[in-house]
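Here is the structure we will look at, set down as structure tokens.
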Amino acid sequence: MAEPRVVVVGAGPAGMRACAALAEAGLRPVLVDEAARPGGRIYQQPPDGAGRPARELYGLEAAKATRIHALAPALAGRIDHRAETLAWNCFADALDLLGPGGPSRVEFDALVLATGATDLALPFPGWTLPGVYALGGAQIALKAQGCAIGRRVAFLGAGPLLPLVACQYLEAGVAVAAVLDATPFLAKLRGLPRMLSAPATLAKGMLYVARLRRAGVPIFFDVRRPRVEGRGRVERLRFEAGGVEREVACDALGASFGLRSETQLADLAGCRFEFDPRTRQHVPARDAAGRSSRRHVYVAGDGAGIGGADAAELAGERAALALLEDLGLSFDANRAAWLEGSLARLDVFRRGLEAAYPFPEHMVRDLDDATMLCRCEGISAGALREAAIAKDAGEVNRAKAFTRVGMGRCQGRMCGRAAAEVLAMARGEALGQAGRLRAQPPVKPIPMLPGVLS
Amino acid sequence: MQFARVKPRASAEVAFTIDSRPARARVGDTLMTAMLLNAPALRRFEFGEGARAGFCLMGACQDCFVAFVDGSRVRACTTLVSEGMAVLTGASDG
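Protein sequences appear in the order of chains H and X.
Sequential numbering from 343 applies to the first sequence in the working numbering.
Sequential numbering from 52 applies to the second sequence in the working numbering.
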């Protein structure tokens, strides 16, 4: 056959490892990525000229970040890297792109989707005030722009990003007002046995907490009912911890409650989805190698379910090997087996992490009707509950039609998960029943393109 | 000013305007960084009260969409600031 046309979407750890394996096999994949430089969000590079060393930008992960970045020059000429390019629609055999040179279409025989994740946002009073950012966003401000989101910053979360970002701010010389964990301290002990499967990773997490404690940063666990208050900006954060009402003065807050997969392109590609009870989201169904339900469409990394950066590297390479095998090309079967074994081992740690940071259901239970749930369109949690009960909208797409929740510019990226949680809880139904917001092209807002959107 | 620069950037200065008021940033700053080093927010919220200053910083939430004087719009967190940009926050035009 003619040289197969392979496209990889996403230049994070999964996409870059997939590209490396494909190039190694003699293919010349097209790599589509929205950023100017590879690394994904986890290893995001600042624009040229920042002059900051990797150790400062990526801390204990500097070596991994540097290795991923180094793949780009190493693969130069062997991959077709389309930087600053959005894949905004996906068909059975083609992607619509919008890049610096304008719109284009790229056809493929095989597709690897390594589309990554975003912060999992949950609404709480004041979360739309200027100065409230996603935790990952707070981290990006620091590493990609050398800026802090405020001068006295509080952090709220339910995942391993919480102590990491707080620690990075501390080390950058920013006043850290408080670190608020929405999950109980006892959960950390429950997660411990499995997290011992990766002692180095566990040690890093403990190191971050130790540094915060040594610096005298107040750390609270099982934080309930967070509320940001201020006139047009963040002035203070109120919350409950240990049954006691507390208040922290701050001018910014980094808050998110885990991660959620970016799955729009897999949806448009026609991949079958299934509910993953561990991460409480619908993800593309896949086998251990990353094969989706669609022939010659592969999913890898956090876009296929939340596994973290190390797992993403392994999964990207594994998916590439599956692709080679499925195209009848030679591939290293021993390597493929080793990758799957390594992924299974990492999953043990991941299960420990999930136990240490369980989903904070109280954020959904305590969410008052007046709080804005959809920040694009300004729709309240109460409006969604009303649709769920009075209008019998048991599924998020139906609720979207009634309320406009998820219909705004973010297409439900920031509210879709919360909407499913609120809907299911309001109706007393299983979370999986609430479904997932269907993806619509363009998957992100694009300028009107004459002749393309007809 | 919502943001605070904690790592000095040695690159050249960029002059731009926010609602016609002159502002300065550095080459390599995103428009979001540039604006939030000069202002408390990015834009007025079009469906209700208050202002918005972005949220995710990774091109997903679209909270940081801002308009230029020519009517075109960009996502401020993924657009680098450049000389002469003239952004509107919607704060004064009703």
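Using N, Cα and C, we set each Cβ at its ideal position, and we do this for glycine too.
As the structure is a prediction and not an experimental result, all values here were calculated from the model.
Exercise for the section: For the alpha helix (DSSP H) holding H:Gly-479, just list the boundary residues, first then last. Expected result: On the first sequence, position 137 is the one that residue 479 of chain H refers to. Taken as a continuous stretch (DSSP letters only), the alpha helix (DSSP H) holding H:Gly-479 covers 477 to 487.
Exercise for the section: May I ask you to list, following chain order, the residues of the region 108 to 139 of chain X that have a beta carbon less than 9 Å from some beta carbon of chain H? Expected result: Leu-108, Met-109, Gly-110, Ala-111, Cys-112, Gln-113, Asp-114, Phe-116, Ser-123, Arg-124, Arg-126, Cys-128, Thr-129 and Leu-131
Handout entry: Neighbour flag for H:Asp-390 against chain X, beta carbons, 8 Å
Key = Counting from one through the first sequence, the residue named residue 390 of chain H turns up at place 48. For H:Asp-390, the answer is yes, since a Cβ of chain X falls inside 8 Å of its Cβ.
Problem - Cut-off 6 Å between Cβ atoms - residues of its own chain near H:Leu-517, not counting five sequence neighbours on either side - result: Your numbering for residue 517 of chain H matches position 175 in the first sequence. It is worth fixing the name first, because residue 517 of chain H is Ala in this sequence and not Leu. Counting only Cβ-Cβ distances below 6 Å, and skipping sequence neighbours, we find Arg-494.
Problem - Span of the alpha helix (DSSP H) around H:Tyr-511 - result: As a first step, residue 511 of chain H must be located in the first sequence, where it is residue number 169. Boundaries of the alpha helix (DSSP H) around H:Tyr-511: 503 to 513.
Problem - Complete beta strand (DSSP E) runs within the region 528 to 615 of chain H (minimum length 3 residues, chain order) - result: 566 to 571, 578 to 583, 586 to 591, 594 to 598 and 601 to 603
Handout entry: C-alpha distance - H:Leu-598 paired with H:Gln-481, whole-angstrom precision
Key = On the first sequence, position 256 is the one that residue 598 of chain H refers to. On the first sequence, position 139 is the one that residue 481 of chain H refers to. At residue 598 of chain H the sequence reads Ser, which differs from the Leu that was named. Taking the straight line joining both Cα atoms gives about 12 Å.
Problem - Minimum C-alpha distance to X:Ala-76 - residue among X:Ala-85, X:Cys-112 and X:Asp-114 - result: Counting from 1 along the second sequence, the entry for residue 76 of chain X is found at position 25. Here the closest residue by C-alpha is X:Ala-85.
Exercise for the section: Leaving aside the five residues before and after H:Gly-754 along the sequence, list all residues of the same chain whose C-beta is less than 6 Å from its C-beta, in chain order. Expected result: Sequence index remark: in the first sequence, residue 754 of chain H carries index 412 (1-based). Within the same chain, Cβ atoms closer than 6 Å to the Cβ of H:Gly-754 are found at Gly-748 and Leu-779, the five residues on either side in sequence being excluded.
Exercise for the section: Enumerate in chain order the residues of its own chain whose CB-to-CB distance from X:Arg-111 is below 8 Å, with the five nearest sequence positions on each side excluded. Expected result: Translated into positions along the second sequence, residue 111 of chain X becomes position 60. One detail in the question is off: residue 111 of chain X reads as Ala in this sequence, not Arg. Around X:Ala-111: no qualifying Cβ.
Practice task
Please report the Cβ distance between H:Arg-660 and H:Ala-631, rounded to the nearest whole angstrom; I am assuming they are in contact, meaning their Cβ atoms lie under 8 Å.
Solution key: For this step, residue 660 of chain H is matched to residue 318 along the first sequence. For this step, residue 631 of chain H is matched to residue 289 along the first sequence. The Cβ separation is near 5 Å, so the contact holds.
Practice task
Identify the continuous alpha helix (DSSP H) that holds H:Gly-658 and give its terminal residues.
Solution key: As a working mapping, residue 658 of chain H is identified with position 316 in the first sequence. Per DSSP, H:Gly-658 belongs to the alpha helix (DSSP H) from 651 to 668.
Problem - Neighbouring residues, chain H, relative to X:Val-57 (Cβ below 9 Å) - result: Locating residue 57 of chain X in the second sequence gives position 6, where the first residue counts as 1. The contacting residues are Leu-484, Gly-488, Cys-489, Ala-490, Tyr-511, Ala-514, Gly-515 and Val-516.
Practice task
Just the C-alpha distance for X:Phe-96 and H:Pro-346, rounded to the nearest angstrom, thanks.
Solution key: Start at 1 with the first residue of the second sequence, and residue 96 of chain X comes out as number 45. Start at 1 with the first residue of the first sequence, and residue 346 of chain H comes out as number 4. Each residue's Cα considered, the two are about 47 Å apart.
Handout entry: Under 7 Å from the C-beta of H:Ala-496: neighbouring residues of chain X
Key = Taking the first sequence and counting its residues from 1, one reaches residue 496 of chain H at position 154. Ordered by position in chain X, no residue passes the 7 Å Cβ test against H:Ala-496, which lies about 14 Å from the chain.
Practice task
Just grab the DSSP bridge partners of H:Phe-497 for me.
Solution key: Along the first sequence, one-based indexing puts residue 497 of chain H at 155. DSSP output for H:Phe-497 lists H:Val-521 and H:Gly-596 as bridge partner(s).
Exercise for the section: Please classify H:Gly-754: does DSSP put it in a helix, a strand, or coil? Expected result: In the first sequence, counting from the first residue as 1, residue 754 of chain H sits at position 412. Reduced to three states, the DSSP call for H:Gly-754 is coil.
Exercise for the section: Check the C-beta distance from H:Gly-643 over to H:Pro-355 and give it rounded, since I have them as a contact under 8 Å. Expected result: Your numbering for residue 643 of chain H matches position 301 in the first sequence. Your numbering for residue 355 of chain H matches position 13 in the first sequence. Rounded, the Cβ-Cβ distance is 6 Å, consistent with contact.
Problem - Test: X:Thr-84 CB closer than 8 Å to a CB of chain H - result: Within the second sequence, the letter at position 33 stands for residue 84 of chain X. Closer than 8 Å to some Cβ of chain H, the Cβ of X:Thr-84 qualifies, so yes.
Problem - Cα-Cα separation, H:Leu-498 to H:Asp-461 - result: On the first sequence, position 156 is the one that residue 498 of chain H refers to. On the first sequence, position 119 is the one that residue 461 of chain H refers to. Cα to Cα, the separation comes out at about 12 Å.
Exercise for the section: Report the partner residues of X:Ala-66 according to the DSSP bridge assignment. Expected result: Residue numbering aside, residue 66 of chain X sits at position 15 when the second sequence is read from its first letter. According to DSSP, which records beta bridges pairwise, X:Ala-66 is partnered with X:Arg-75.
Exercise for the section: Label H:Lys-786 either buried or exposed according to how many other C-beta atoms from any shown protein chain fall within 10 Å of its C-beta, with 16 as the threshold for buried. Expected result: In the first sequence, counting from the first residue as 1, residue 786 of chain H sits at position 444. H:Lys-786 comes out buried.
Problem - Cutoff 8 Å: H:Leu-795 Cβ touching any chain X Cβ - result: The residue you call residue 795 of chain H lines up with position 453 of the first sequence. Bear in mind that the predicted position of H:Leu-795 carries a pLDDT of just 46, short of 50, making it too unreliable to give a figure here.
Exercise for the section: Tell me, please, whether the region 529 to 549 of chain H touches the region 62 to 81 of chain X by the rule of three or more beta-carbon pairs shorter than 8 Å. Expected result: no
Practice task
Leaving out five residues on either side along the sequence, give the residues of the same chain with a beta carbon under 6 Å from the beta carbon of H:Ile-491.
Solution key: Sequence index remark: in the first sequence, residue 491 of chain H carries index 149 (1-based). Tyr-475, Ala-480, Ala-483 and Ala-594.
Problem - X:Asp-70 at chain H interface by Cβ criterion, 8 Å - result: Here the question's residue 70 of chain X lines up with position 19 in the second sequence. Answer no: the Cβ-Cβ gap between X:Asp-70 and chain H never drops below 8 Å.
Exercise for the section: Report the partner residues of H:Asp-422 according to the DSSP bridge assignment. Expected result: On the first sequence, position 80 is the one that residue 422 of chain H refers to. Answer by DSSP bridge pairing, in chain order: H:Val-372.
Practice task
Pull up the DSSP beta-bridge partners for H:Ile-721, would you.
Solution key: By one-based count along the first sequence, residue 721 of chain H stands at place 379. H:Ile-721 is bridged to H:Cys-716.
Problem - Sequence-distant residues of its chain with Cβ nearer than 8 Å to X:Gln-53 (five each side left out) - result: Start at 1 with the first residue of the second sequence, and residue 53 of chain X comes out as number 2. These residues qualify, in order along the chain: Leu-87, Ala-90, Pro-91, Ala-92 and Ala-104.
Handout entry: Helix, strand or coil at H:Cys-361 [DSSP, three-state]
Key = As a working note, residue 361 of chain H is residue 19 in the first sequence. Three-state DSSP puts H:Cys-361 in a helix.
Exercise for the section: Taking only beta-carbon positions, decide if X:Gly-141 is within less than 8 Å of chain H. Expected result: Counted from its first residue, the second sequence places residue 141 of chain X at position 90. Not closer than 8 Å to any Cβ of chain H, the Cβ of X:Gly-141 fails to qualify, so no.
Practice task
Compare the C-alpha of H:Glu-589 against each of H:Val-576, H:Arg-717 and H:Gly-600 and name the closest.
Solution key: Taking the first sequence and counting its residues from 1, one reaches residue 589 of chain H at position 247. Minimum Cα distance to H:Glu-589 is reached at H:Val-576.
Practice task
Could you list which residues in chain X have their beta carbon closer than 7 Å to that of H:Thr-427, in chain order?
Solution key: Mapped onto the first sequence, residue 427 of chain H falls at position 85. Under the 7 Å cutoff, chain X gives no residues; its nearest Cβ is about 12 Å from H:Thr-427.
Problem - Assigned exposure category for H:Glu-672 - 16 Cβ within 10 Å defines buried - result: If you number the first sequence from 1, residue 672 of chain H lands on position 330. Checking the sequence, you will find Ser at residue 672 of chain H rather than Glu. Exposed, since its Cβ has fewer than 16 Cβ neighbours within 10 Å.
Practice task
Starting from H:Ala-392, follow the alpha helix (DSSP H) in both directions and report where the run begins and ends.
Solution key: Along the first sequence, one-based indexing puts residue 392 of chain H at 50. From DSSP, H:Ala-392 is part of no alpha helix (DSSP H); its letter is neither H nor E.
Handout entry: H:Gly-680, buried or exposed, once every other Cβ within 10 Å from all chains shown has been counted against 16
Key = Counting from one through the first sequence, the residue named residue 680 of chain H turns up at place 338. Per the sequence shown, residue 680 of chain H should be read as Trp rather than Gly. So H:Trp-680 ends up on the exposed side.
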